[in-house]
Each structure stands twice: as structure tokens, then as C-alpha cells.
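Asks:
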């Protein structure tokens, strides 16, 4: 009975460890772009190279390599372009530029609308205009 209980506990611990590894593997796969097209994450792309990369990442995690070691290995192989989110100051620029653009567009729209609201109305024909002088044609 003790052996059965111990094996059940070991099996549960093993499944928990595998689930933790699967989550870690998925997190690492999601950091990379597929190098065949540079458009989709390795975690969801179905190209041959993305499938190979997923298998290699899972193997590296099972061997005990850290996330940073795996990232550095792929950056050394493919360059910074492999990363979905750039590191360092490039990341701030990618986040700052769209926000600044939206804020500037909103400010421009606000200024345009406020000028339109305060603009004097155009005079109606026959309303406030003085009459035209009469001309005689000979």
C-alpha cells in the first residue's frame, strides 16, 4: 500500500513538473519569431523550422537551460530580429511612437473642431448685405 501511495505521489509530482515545463517552454517559444517569414511566433507557426525550434526549445528546457541561455543561443544564431519584442531602448520606441501619434492626432482634431465652432457664420444671401447699385447700360 505504501508503494502504491508513493508511486501515485511521484506520478503527480512528475505531471506537475511536466506542466510547469510546458508552460515555460510555451513562454520561451512565444518570445521568438519564425525565421522563415518573420511574422508569427514560433509557438503558433506551422513551418518546418518553427516545429524544429519548438522541439529544440523543449529539449533545452528539459536539460535545465535557463530562459536567458536559450534566448542568447537563438540571438547568436539568428540575430536580434528573432525576438518578437526587441530588448533595450528599441522596445521603448516601439511603445512610445504609436501613443505619441494618437495623442498628437487627438490634439489636432480638438484644435480643428474648436476653430470650427468659434468661426463666424457666413452671411445669408439677401440678409445683412447692402443692396447692389443700379448700373445703366448704353
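Residue numbers (the working numbering): 146 to 283.
Cβ atoms here follow ideal geometry from the backbone N, Cα and C, with glycine treated the same way.
Would you be able to state if there are at least three C-beta pairs under 8 Å between the segment 205-225 and the segment 240-255?
Replies: no
Asks: Any idea if residue 285 is buried or exposed, counting beta-carbon neighbours within 10 angstroms, 16 or more meaning buried?
Replies: Residue 285 is absent from the structure shown; the chain starts at 146 and stops at 283.
Asks: With H, G and I counted as helix, E and B as strand and the rest as coil, what does DSSP make of residue 280?
Replies: coil
Asks: When you compare the CB positions of residue 195 and residue 166, do they come within less than 9 Å of one another, or not?
Replies: no
Asks: By the 10 Å Cβ neighbour count, where 16 or more other Cβ atoms means buried, how is residue 226 classified, buried or exposed?
Replies: Counting the other CB atoms within 10 Å of its CB gives residue 226 a total below 16, which places it among the exposed residues.
Asks: Taking the alpha helix (DSSP H) that residue 179 belongs to, which residues open and close that run?
Replies: Note, residue 179: premise wrong, no alpha helix (DSSP H); not H, not E.
Asks: Between the C-alpha atoms of residue 186 and residue 229, what's the straight-line distance to the nearest angstrom?
Replies: So the alpha carbons of these two residues sit roughly 7 Å apart.
Asks: Can the beta-carbon of residue 182 be found less than 9 Å from the beta-carbon of residue 193?
Replies: no
Asks: Name the one or two DSSP bridge partners that residue 138 has.
Replies: Not covered by the structure: residue 138. The range shown for the chain is 146 to 283.
Asks: Return the chain-ordered list of same chain residues with a C-beta closer than 6 Å to the C-beta of residue 169, the five sequence neighbours on each side being excluded.
Replies: 206
Asks: Could you pull out every residue in the same chain whose Cβ sits closer than 7 Å to the Cβ of residue 190, ignoring the five residues on either side in sequence?
Replies: Answer for residue 190: 179, listed in chain order.
Asks: Where are the alpha helix (DSSP H) runs, 4 residues long or more, that stay fully inside the segment 231-266, in chain order?
Replies: Fully enclosed alpha helix (DSSP H) runs of 4 or longer: 234-263.
Asks: Taking only the alpha-carbon atoms, compute the straight-line gap between residue 201 and residue 231 and give it to the nearest angstrom.
Replies: 22 Å
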